[in-house]
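Numbering (the working numbering), first residue to last: 27 to 268.
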């Protein structure tokens, strides 16, 4: 096993969801900056990057946010709270950004690969991301997908709800990159799903269309910050070969 592999393995094994932080420990906020910069490099669906990362450092806002996180110790004792947010309403500008990049990358090419890449962002992405309030466009795509799937392999997850799942998956990947980066620098985190999303969005001025994937608290673990030994189901129950 290489030294790099061992180092990564140690980081993953030492990362725990810390429920209580040492409030007296020194905290370098620049570590959060660096870790979020690494999070922006995370893989995401179609490189649309429909995410935002909101840092809550202000003491008053942090106290209110901890209250909206149901008063969890992981929130109340944290040095920072970072929100991972999906932004589906930005899909047009992201699609245009990607299309412009493709045009520049293939500016001297007229082959089918170049044309297909451009069509992806100019035709297919708008077709998939354009949704009405009631999800009727998505229902239409679902019917079309099922019909086309009778004759050939076809992506089936094309509804408005499917797109929502897709965006949260991408943002979760960024959150995991962030937590791993924090641990690599000796800090701890805890991803939280228990919060009042309506009040949290009002506190930070997030638009109605935004959705919070999770809130990650940051700090240095207290001696009693981990409540129990890690336990996982048997690997044979979750890892399969075909």
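The beta-carbon is built from N, C-alpha and C at its ideal position, and this holds for glycine as well.
Residues near residue i by beta carbon distance below 8 Å, same chain, minus five either side
i: residue 217; result: 43, 201, 205, 240, 241 and 242
i: residue 195; result: 71
Under the three-state DSSP convention, the category residue i falls into
i: residue 15; result: One cannot answer for residue 15 here, as it falls past the ends of the chain, which runs 27 to 268.
i: residue 222; result: coil
i: residue 342; result: One cannot answer for residue 342 here, as it falls past the ends of the chain, which runs 27 to 268.
i: residue 61; result: helix
i: residue 80; result: strand
i: residue 266; result: coil
i: residue 209; result: helix
i: residue 109; result: strand
i: residue 247; result: strand
Backbone CA spacing between residue i and residue j [nearest angstrom]
i: residue 51; j: residue 246; result: 7 Å
i: residue 236; j: residue 226; result: 11 Å
i: residue 62; j: residue 79; result: 8 Å
i: residue 33; j: residue 162; result: 49 Å
i: residue 74; j: residue 110; result: 15 Å
i: residue 199; j: residue 136; result: 35 Å
Close-in-space but distant-in-sequence residues of the same chain around residue i (CB under 7 Å, 5 per side omitted)
i: residue 72; result: 151
i: residue 116; result: 76
Proximity test, Cβ basis, 8 Å: residue i and chain B
i: residue 65; result: In summary, chain B is missing from the structure at hand, where a single protein chain is found.
DSSP beta-bridge partners of residue i
i: residue 47; result: 247
i: residue 238; result: 111
**Message:** At 4 residues or longer, what runs of the alpha helix (DSSP H) sit wholly inside the segment 145-189?
**Reply:** Within the segment 145-189, the complete alpha helix (DSSP H) runs of at least 4 residues are 151-155 and 162-174.
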